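The structure appears below as structure tokens.
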Amino acid sequence: ELCDGNTRRALEALARDMGFEPTKAEFPDKVSLATAIAEKEFPEEVTEEEAPTE
């Protein structure tokens, strides 16, 4: 979802605001950068497979 509406520069700015410095060597494309941002922003997010069913 982060990739859809953002440029790489926008994602890099978001990452810097979150406290880490993205490099092209570490995050070669928008998908890897967006994934890192999501993991940092939502580290304990439960996936659908792990979600309890009611």
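Counting in our numbering, the sequence shown runs from 179 upward without gaps.
We treat Cβ as the ideally placed atom computed from N, Cα and C, and that holds for glycine.
Keep in mind it's a predicted model, so treat the numbers as computed, not measured.
In the structure shown, Thr213 falls within a helical segment according to DSSP collapsed to helix, strand and coil. Look at Leu192 here: in three-state DSSP terms it is helix.
An exposed status is given to Ala191, since fewer than 16 other beta-carbon atoms sit within 10 Å of its beta-carbon.
Cβ neighbours of Pro206 within its own chain (closer than 8 Å, five residues either side excluded): none.
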